[in-house]
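Here the structure is laid out as structure tokens; the discussion comes afterwards.
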DNA sequence: TCACTTGTTGAATGATCGCTCAAGAAAGAA
DNA sequence: TTCTTTCTTGAGCGATCATTCAACAAGTGA
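Residue numbers (our numbering), protein chains in the order written: chain A, -2 to 200; chain B, -2 to 200.
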């Protein structure tokens, strides 16, 4: 029972505008993207942006939330969820990251990792917002690793936190290297070398 | 034969001011550090900064050059130069990075890796300046790895570029994790797991 | 002593920042 | 038609940005 909207209808596609904003933030980061950059990319004027999305910080949070639901970010969680063992999930995620982070059809690397690294004090909450997401992801990796140790997928005494940090270090490093122009074929052999150190079974 | 300086002498210690500027840029990055932030940290006024260091970009380049000569950045090259084998140099550098990047006595991570990642188009040359340094370092790693393969330190068929990317991915990932608040004891076990995959001799 | 050189001071430059507002336009409701 | 609601437009807000300038201060050289 959706009521008919009163008042003048929006003249632009909200989802398309959000996608354009996502691309800008992904490419330049939060602070380096100005409202002027956004309105130009979205094809609207400032007052329309503020009416439809709130202020810049609110828009950015909505961008991040929608980004995390896309395949460009969700591939990690899906790999860990869908594969039967931790090694398979982790290996699939890291190999996929080498491809996705360097895919030329969109900005390099991961938006959550890259978009708010150098930030003035006035935007410290945005920096913390992304950092909290990243650290929560590391904690989720550690939980998955503890489960794997319990299941006997890893040798006794293997440190689940070490596995989680290995994973986080590699993912964040891949994102950085992609931002520096590395290609998938540059990164994949490095990923394979890292996977070679895996302590347990590869099944 | 240093001539005596004519004119009014400088009222501040240029090296100390440069160190203060380094700290600011290291902590916040290039764009998020304003001239006002710098003059406050350096204890001087804008006109003195411009007289002594040129404009913001020139100051930043001098900061980066002096930073690279410090132990906080030079430890990588020294590890690779001083150790007899590539593995030893690489292992020493990565273990040291886990400690140095998280050392609470200075800002987290590496200035060259972190200080210009989200940058507006007007400062694209600064972004490129640091990226070129990083990519030149990767190329230097690859050269060192080619030499190691030639020397027989690594199994036949080992890809020197893969070794270089493994090294770069890990270093840049460590810098990122340190920026997110990870400690040395968080990161070291992850480093050890990565080193465990090394294909050749550990000597 | 006086010219010359260099550094410091405080104010001010134009540009850009995120954001807002008054006026008008386009829809449904009465 | 007229009222109400919502959106768009274009102009403009104060704040902050990097940078500069004229006036003054503190040294050296003659």
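Glycine included, every Cβ here is placed at the ideal spot set by N, Cα and C.
Give every residue of the same chain whose Cβ lies closer than 8 angstroms to the Cβ of residue i, excluding the five residues on either side of it in the sequence, and list them in chain order.
i	result
residue 12 of chain B	none
residue 29 of chain A	none
residue 82 of chain A	145, 150, 198 and 200
residue 70 of chain B	64, 107, 108 and 109
residue 26 of chain B	111, 112, 113, 114 and 115
residue 20 of chain B	38, 103 and 104
residue 16 of chain A	none
residue 32 of chain B	43, 46 and 53
residue 152 of chain B	196 and 197
residue 91 of chain A	164, 167, 168, 171, 188, 191 and 192
Between residue i and the ligand COA, is the CB less than 7 angstroms from at least one heavy atom?
i	result
residue 87 of chain B	For the ligand COA, the structure offers nothing, since it holds no ligand at all.
In chain A, which residues lie with their C-beta within 8 angstroms of the C-beta of residue i?
i	result
residue 171 of chain B	166 and 170
residue 183 of chain B	158 and 162
residue 113 of chain B	115
Listing by chain order, which chain B residues have their CB less than 8 angstroms from the CB of residue i?
i	result
residue 122 of chain A	Chain B residues near residue 122 of chain A: none, gap ~14 angstroms exceeds 8 angstroms.
residue 131 of chain A	177
Quick check on the DSSP output: the alpha helix (DSSP H) that includes residue i runs from which residue to which?
i	result
residue 9 of chain A	Segment: none, residue 9 of chain A is in no alpha helix (DSSP H) and carries neither H nor E.
residue 45 of chain A	43 to 50
residue 66 of chain B	Taken as a continuous stretch (DSSP letters only), residue 66 of chain B belongs to no alpha helix (DSSP H), as it is neither H nor E.
residue 198 of chain A	Element bounds for residue 198 of chain A: n/a, residue is neither H nor E.
residue 171 of chain A	157 to 176
residue 186 of chain B	181 to 192
residue 154 of chain B	Element bounds for residue 154 of chain B: n/a, residue is neither H nor E.
residue 30 of chain A	That residue, residue 30 of chain A, is in no alpha helix (DSSP H); it is neither H nor E in DSSP.
Please return the same chain residues whose Cβ sits closer than 7 angstroms to the Cβ of residue i, not counting the five positions on each side in sequence.
i	result
residue 42 of chain B	36
residue 205 of chain A	Limits of chain A in this structure are -2 at one end and 200 at the other, which puts residue 205 of chain A out of reach.
residue 22 of chain B	30, 57, 60, 108 and 112
residue 157 of chain A	139, 142, 143 and 146
residue 195 of chain B	84
residue -2 of chain B	Here the model assigns residue -2 of chain B a pLDDT of 48, short of 50, so the residue's position is not dependable, and the following value carries that caveat. Closer than 7 angstroms at the Cβ level, and outside the excluded window around residue -2 of chain B, lies no residue.
residue 67 of chain A	none
Using C-beta distances below 6 angstroms, list every residue in its chain close to residue i, excluding the 5 sequence neighbours before and after it, in chain order.
i	result
residue 110 of chain A	169 and 172
residue 86 of chain B	76, 77 and 80
residue 130 of chain A	109
residue 185 of chain A	95
residue 14 of chain B	39
residue 159 of chain A	none
Can you name the residues of chain A whose CB is closer than 7 angstroms to the CB of residue i?
i	result
residue 126 of chain B	Result: empty, since nearest Cβ-Cβ is about 12 angstroms, beyond 7 angstroms.
residue 187 of chain B	159, 162, 163 and 166
Could you work out which residues of chain A lie near residue i, taking near to mean beta carbons separated by less than 9 angstroms?
i	result
residue 196 of chain B	190 and 193
residue 110 of chain B	173
Anything in chain B within Cβ reach of residue i, meaning under 7 angstroms, just list it in chain order.
i	result
residue 29 of chain A	28, 115, 116 and 117
For residue i, go through chain B and note every residue whose CB falls closer than 9 angstroms to its CB, in chain order.
i	result
residue 152 of chain A	Under the 9 angstroms cutoff, chain B gives no residues; its nearest Cβ is about 12 angstroms from residue 152 of chain A.
residue 25 of chain A	115, 116, 117 and 118
Subject >> Cβ contact (3+ pairs, closer than 8 angstroms) linking the segment 84 to 103 of chain A and the segment 164 to 176 of chain A >> reply: As far as the Cβ criterion goes, the segment 84 to 103 of chain A touches the segment 164 to 176 of chain A, which means the pair count is three or higher.
Original post:
At what residue ranges does the segment 72 to 130 of chain B contain a whole run of the alpha helix (DSSP H), taking only runs of 4 or more?
Top reply: Runs of the alpha helix (DSSP H) inside the segment 72 to 130 of chain B: 83 to 97 and 108 to 111.
Original post:
Pairing CB atoms from the segment 155 to 167 of chain A with CB atoms from the segment 44 to 51 of chain A, are three or more of them under 8 angstroms?
Top reply: Taking 8 angstroms as the limit for Cβ pairs, the verdict is that the segment 44 to 51 of chain A does not touch the segment 155 to 167 of chain A.
Original post:
Is there contact between the segment 124 to 142 of chain A and the segment 57 to 72 of chain A, where contact requires at least three CB pairs shorter than 8 angstroms?
Top reply: Contact holds: three or more Cβ-Cβ distances are below 8 angstroms.
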